[in-house]
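Undergrad: My questions will all concern the structure given below.
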Amino acid sequence: MSWTKLPKGEFTGIDWAKPNATTGFDPYLVWAEADSFSGYGDKRPKWLPVAIELKPDTTVQQFIAAASSKWLHVPPVYTSRAAPTGLRFCTARVRPAFFKHFQPGGSLHALVLRLELGLPAAEYADDSAVSPPAKPPVHSSGPAWQAETQAEGLLSGKVLALIDDSLALAHASFLHQGKARTRYFWRQDAQGKGRTPESMGYGHELTAADINAAMQANTYNGLVDESAVYVALGLSTLGRKMPRREHFFHALDTSVSHGTHVMDLAAGPCTLLAQMANVPPTFDAPPSWALADDDASRAALIAVQLDYDTVRDTSGGSMNVHVLDGLMYVLSRCAADAKVTANISFGTLAGPHDGTSLLEAAMDELIGLLQGRLQIALAAGNSYQLRTHANATLLKNEQVVLHWRALPDDSTQSFVEIWVEEDRDGLEIAITPPGRAALPPLKFGESRMWTGGGKQPLCALIYPKTVATGQRGTCALLAVAPTFSFDDKTATAPNGVWQITLTNTGKKAVTVDAYVERDDVVIGTRGGARQSHFEDAWYDTSGNPDAFVDHPDNPSLIRRSGSFNSIATGAKTVSVGGTRVAGPMWAKYSPRNPDPDASRPERPGVVKMPATQAYSDENPVLLGLKAAGTRSGGIARLVGTSDAAPQITRKVFNAM
């Protein structure tokens, strides 16, 4: 059993096998090039989506000026009136020449602090993703900006924004006197209908006028045929073509769509918080289901439909790019005096968990620069019982072994991130694939891949000295190919238990956190994903009353505490955990506050408890909450902290 050197990147041109070549880069970019982007649609991209943080005192305009539109495209929104002065974050589409200028001695080296890979799939990888090329700033008085917003105008006052998927725009909960409250809607993929917003350069935009016109054209005997509306608007996950006689049966569909459910809790006519605007965060008052009479139930809405590749890829491979673009789109449709409350009930599991990921840092900076004009609430996550987090502190010469179960029939890639605190370069990592001998341990700064005797990598351990995905310590990424594929040309890794042996050869004790990345199936999709997890004989799976929390004296390396949405640990965003309306307060899938495992050593800055909490279960038996189904008149139940976050969004909005 032996490792193979990493290849030279076909896109970046970087020889990843050279010493220190991976230092400072996103390890997912290294893995994507090692396996020829097979996890992103088996298509070598022409343009690569990335999220970028610039160095202090560097502006986006300076960044663009130092580059060429032949190999860099930044959406114009980042140089528009919507971008606050001092913003150092943006997204971009780049061609291979970008990486030559990003390297030492290049025109961008002194300007760019770090970059993370987005999703090089579908239209985002093609030349059509970059039309028009990068432009100079567009100001609010300019004709291009006025043309984009002439139908609705820039929104003033309080605005409620949702970044989600499958948003039922014609649902009665989001209408006022029969007209759409959704003033702007941006769908980020190429499948929808509408104009492409020039400020973003991709996707399709609808205004309230477009939505109202579609509803009017599909009204029969005073009733809106919602299925026909969504077909007309190109919203494939909500509408489907069928004989007209069946339309009204489908209009009573009670199936759940994530975005519709979340938007109803945040801004619908009847929610748990409708009569609880002044209830403190303890939520110790009984809920009210009376009709709402609050600002949120009348709010102007802006909705962003995440790119469907982002929705399906629950590992968050492109979430940084598309969430940041979504926030900037929202701001671009608001006047300078608008106050925006945004809800994001999406997230991932792996990451630094200390607020230093690129997206978290970008959200914190936006909130700070806008000085009270922007608030963002995020779900804290539902992974508390999923065995996706392990924690260990190793003394000198101490060794521990993690057992990571990769499931059969998983047609997606799986990942474990091993985060090491700063100034600890003595940690060695050895990998033993299922049913194989151990591969040689890799030291700090070493990266290799394992092909199992073939040409394609079955796994890689990428262990840079520093990474772009966090700013404290470093991360070793263990990436594993799918364990199953219908395509016989696709290399598949063995399923079973992968052993990860950690040995501290340094003089200082080192605290390590290992996070299994999210890999499940989203509502309404068939992605072939299966969630991998850690296993340990000491971990309590008995189901007894005290078996759902960590006990400090339990020697298991698997810790529920620390299982958290990895884009919700920023300093200025609001993370929301889940509680119950009746019975024991805590929702067992949610991060818990207070932390029952607080005495355990942890890396500096790690966030393990939500900032606040709201209802996400009715009681220990009846999990989840009722809210709008996909069609008007339908009620559906959704389980998770996705229910809790929009209630806090609503509360924050009402208080602004």
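Here my numbering is used: position 180 in the sequence shown is 531, and no number is missing along the way. All C-beta atoms, glycine included, are put in the ideal place defined by N, C-alpha and C.
CA-CA distance, ALA757 and ALA523?
TA: For the purposes of this step, residue 757 is identified with residue 406 of the sequence shown, where counting begins at 1. For the purposes of this step, residue 523 is identified with residue 172 of the sequence shown, where counting begins at 1. So the two alpha carbons sit approximately 44 Å from each other.
Undergrad: Taking the straight line between their C-alpha atoms, what separation do you get for PHE837 and THR763?
TA: Counted from its first residue, the sequence shown places residue 837 at position 486. Counted from its first residue, the sequence shown places residue 763 at position 412. Cα to Cα, the separation comes out at about 12 Å.
Undergrad: Are the Cβ atoms of LEU710 and VAL674 separated by less than 8 Å?
TA: Taking the first residue of the sequence shown as 1, we reach residue 710 at position 359. Taking the first residue of the sequence shown as 1, we reach residue 674 at position 323. Cβ atoms of LEU710 and VAL674: closer than 8 Å.
Undergrad: Check whether the region 973-985 touches the region 885-899, counting contact only when three or more Cβ pairs, one atom from each stretch, lie closer than 8 Å.
TA: No, they do not touch.
Undergrad: Tell me which residue opens and which closes the alpha helix (DSSP H) that TYR866 is part of.
TA: Stepping through the sequence shown from its first residue, residue 866 is reached at position 515. Note, TYR866: premise wrong, no alpha helix (DSSP H); beta strand (DSSP E) at 861-867.
Undergrad: For my contact list, ILE727 and THR992 are in at a C-beta cut-off of 8 Å; report their separation, rounded to the angstrom.
TA: Within the sequence shown, residue 727 is the residue found at index 376, counting from 1. Within the sequence shown, residue 992 is the residue found at index 641, counting from 1. With a beta-carbon spacing of about 15 Å, ILE727 and THR992 fall beyond the 8 Å limit used to define contacts.
Undergrad: Within its chain, find whatever has a CB closer than 6 Å to the CB of LYS690; leave out the 5 residues flanking it on each side and keep chain order.
TA: Looking up residue 690 in the sequence shown gives position 339. Result list for LYS690: LYS509, ARG724, MET1007, in chain order.
Undergrad: Let me know if MET679 comes out buried or exposed under the rule of 16 or more other beta-carbons within 10 Å of its beta-carbon.
TA: Looking up residue 679 in the sequence shown gives position 328. Flag for MET679 reads buried.
Undergrad: Considering only the alpha carbon of each residue, which of ALA643, MET800, LEU520 lies closest to GLY619?
TA: Residue 619 sits at position 268 when you count from the first residue of the sequence shown. Closest option to GLY619, Cα to Cα, is ALA643.
Undergrad: So, PRO378 versus PRO945, is the Cβ gap smaller than 8 Å?
TA: Taking the sequence shown and counting its residues from 1, the one referred to as residue 378 is at position 27. Taking the sequence shown and counting its residues from 1, the one referred to as residue 945 is at position 594. Their beta carbons are not under 8 Å apart, which means PRO378 does not touch PRO945 by this criterion.
Undergrad: Identify every run of the beta strand (DSSP E) within the region 692-753, keeping only runs that are complete inside it and at least 3 residues long; order them along the chain.
TA: 725-730, 740-745
Undergrad: With a 10 Å radius around its C-beta and 16 neighbouring C-beta atoms as the bar for buried, classify ALA746 as buried or exposed.
TA: Taking the first residue of the sequence shown as position 1, residue 746 is located at position 395. The sequence given here places Leu at residue 746; Ala does not occur at that position. Label assigned to LEU746: exposed.
Undergrad: Grab me the residues of ASP864's own chain with a C-beta within less than 8 Å of its C-beta, minus the 5 sequence neighbours each way, in chain order.
TA: Here residue 864 refers to the residue found at position 513 of the sequence shown. Excluding sequence neighbours, ASP864 sits near HIS704, HIS740, ALA741, ASN742, ILE769, TRP770, GLY913, GLU953, ARG954, VAL957.
Undergrad: Closer than 8 Å is the cut-off here; do at least three beta carbon pairs connect the region 838-851 with the region 781-795?
TA: Counting Cβ pairs under 8 Å, three or more are found: they touch.
Undergrad: Looking only at its own chain, which residues have a Cβ that is under 8 Å from the Cβ of ASN970, when we skip the five neighbours before and after it?
TA: In the sequence shown, counting from the first residue as 1, residue 970 sits at position 619. The answer, listed in chain order, is ARG931, VAL932, ALA933, GLY934.
Undergrad: So does the region 411-426 actually touch the region 383-391, counting three or more Cβ pairs closer than 8 Å?
TA: no
Undergrad: Classify SER353 as buried or exposed, calling it buried when 16 or more other Cβ atoms lie within 10 Å of its own Cβ.
TA: By 1-based counting over the sequence shown, the position of residue 353 is 2. Exposed is the call here.
Undergrad: Do PHE899 and ARG738 have their C-beta atoms within less than 8 Å of each other?
TA: Taking the first residue of the sequence shown as position 1, residue 899 is located at position 548. Taking the first residue of the sequence shown as position 1, residue 738 is located at position 387. Against a cut-off of 8 Å, the Cβ pair of ARG738 and PHE899 comes out as no contact.
Undergrad: Which of the three DSSP states, helix, strand or coil, is assigned to PRO358?
TA: As a first step, residue 358 is located in the sequence shown; it is residue number 7 there, counting from the start. PRO358 sits in coil when the DSSP states are folded into three classes, being neither helix nor strand.
Undergrad: Please classify GLY504 as buried or exposed, where buried requires at least 16 neighbouring CB atoms within 10 angstroms.
TA: Along the sequence shown, one-based indexing puts residue 504 at 153. Per the 10 Å Cβ criterion, exposed.
Undergrad: Quick check on DSSP: helix, strand or coil for ILE562?
TA: Counting from one through the sequence shown, the residue named residue 562 turns up at place 211. Correct three-state label for ILE562: helix.
Undergrad: On the CB-based measure, 16 or more other CB atoms within 10 Å of its CB, does GLN539 come out buried or exposed?
TA: On the sequence shown, residue 539 is found 188 positions in, with the first residue counted as 1. Buried, since its Cβ has 16 or more Cβ neighbours within 10 Å.
Undergrad: Could you pull the start and end residues of the beta strand (DSSP E) that ILE403 belongs to?
TA: Your numbering for residue 403 matches position 52 in the sequence shown. Element bounds for ILE403: 399-405.
Undergrad: Select from PHE525, THR409, VAL927 the residue whose C-alpha is nearest the C-alpha of LEU729.
TA: Your numbering for residue 729 matches position 378 in the sequence shown. The shortest C-alpha separation from LEU729 is found at VAL927.
Undergrad: Could you give the residue range of the alpha helix (DSSP H) that holds LEU678?
TA: What you label residue 678 is simply residue 327 of the sequence shown in a count that begins at 1. Unbroken alpha helix (DSSP H) run through LEU678: 670-683.
Undergrad: Which one of ASP839, THR409, CYS810 has the shortest CA to CA distance from ALA827?
TA: For the purposes of this step, residue 827 is taken as residue 476 along the sequence shown, with counting starting at 1. Residue CYS810 is the option with its Cα nearest to ALA827.
Undergrad: State buried or exposed for TRP889, treating a residue as buried only when at least 16 other CB atoms are found within 10 Å of its CB.
TA: As a working note, residue 889 is residue 538 in the sequence shown. Label assigned to TRP889: exposed.
Undergrad: Decide if GLN626 is buried, meaning its Cβ has at least 16 other Cβ atoms within 10 Å, or exposed.
TA: As a first step, residue 626 must be located in the sequence shown, where it is residue number 275. Only weak support exists for where GLN626 lies, its pLDDT of 33 falling under 50; the value from the coordinates is given anyway. GLN626 comes out buried.
Undergrad: Rounding to the nearest angstrom, what Cα-Cα distance links GLY796 and ASN1005 in this structure?
TA: Start at 1 with the first residue of the sequence shown, and residue 796 comes out as number 445. Start at 1 with the first residue of the sequence shown, and residue 1005 comes out as number 654. Each residue's Cα considered, the two are about 50 Å apart.
Undergrad: Does ILE365 come out as helix, strand or coil in the three-state DSSP assignment?
TA: For the purposes of this step, residue 365 is taken as residue 14 along the sequence shown, with counting starting at 1. DSSP places ILE365 outside both helix and strand once states are collapsed to three, so it counts as coil.
Undergrad: Note down, in chain order, each residue of its chain lying with its Cβ closer than 7 Å to the Cβ of PRO370, except the 5 sequence neighbours on either side.
TA: Within the sequence shown, the letter at position 19 stands for residue 370. For PRO370, where only same-chain residues beyond five positions count, there are no Cβ hits under 7 Å.
Undergrad: Using C-beta distances below 7 Å, list every residue in its chain close to ASP366, excluding the 5 sequence neighbours before and after it, in chain order.
TA: For the purposes of this step, residue 366 is taken as the residue at position 15 of the sequence shown. Once the five neighbours on either side are set aside, the close Cβ partners of ASP366 are LYS359, ALA372.
Undergrad: Given this structure, state the Cα-to-Cα distance separating ILE577 from PHE525, to the nearest angstrom.
TA: For the purposes of this step, residue 577 is identified with residue 226 of the sequence shown, where counting begins at 1. For the purposes of this step, residue 525 is identified with residue 174 of the sequence shown, where counting begins at 1. Looking at the sequence itself, residue 577 is Glu, so the reference to Ile does not match. Taking the straight line from one Cα to the other gives about 13 Å.
Undergrad: Can you have a look at GLN497 and say buried or exposed, based on whether 16 or more other CB atoms are within 10 angstroms of its CB?
TA: As a working note, residue 497 is residue 146 in the sequence shown. Because GLN497 sits at a pLDDT of 47, beneath the cut-off of 50, its placement in the model cannot be relied upon, and the following sentence gives the value as read from the coordinates. That one is exposed.
Undergrad: Would you call the CB atoms of PHE414 and LEU462 closer than 8 Å?
TA: By one-based count along the sequence shown, residue 414 stands at place 63. By one-based count along the sequence shown, residue 462 stands at place 111. The answer is yes: Cβ separation under 8 Å.
Undergrad: Can you tell me which of PHE835, THR854, LEU853 puts its alpha carbon nearest to the alpha carbon of PRO845?
TA: For the purposes of this step, residue 845 is taken as residue 494 along the sequence shown, with counting starting at 1. It is PHE835 whose Cα lies nearest to the Cα of PRO845.
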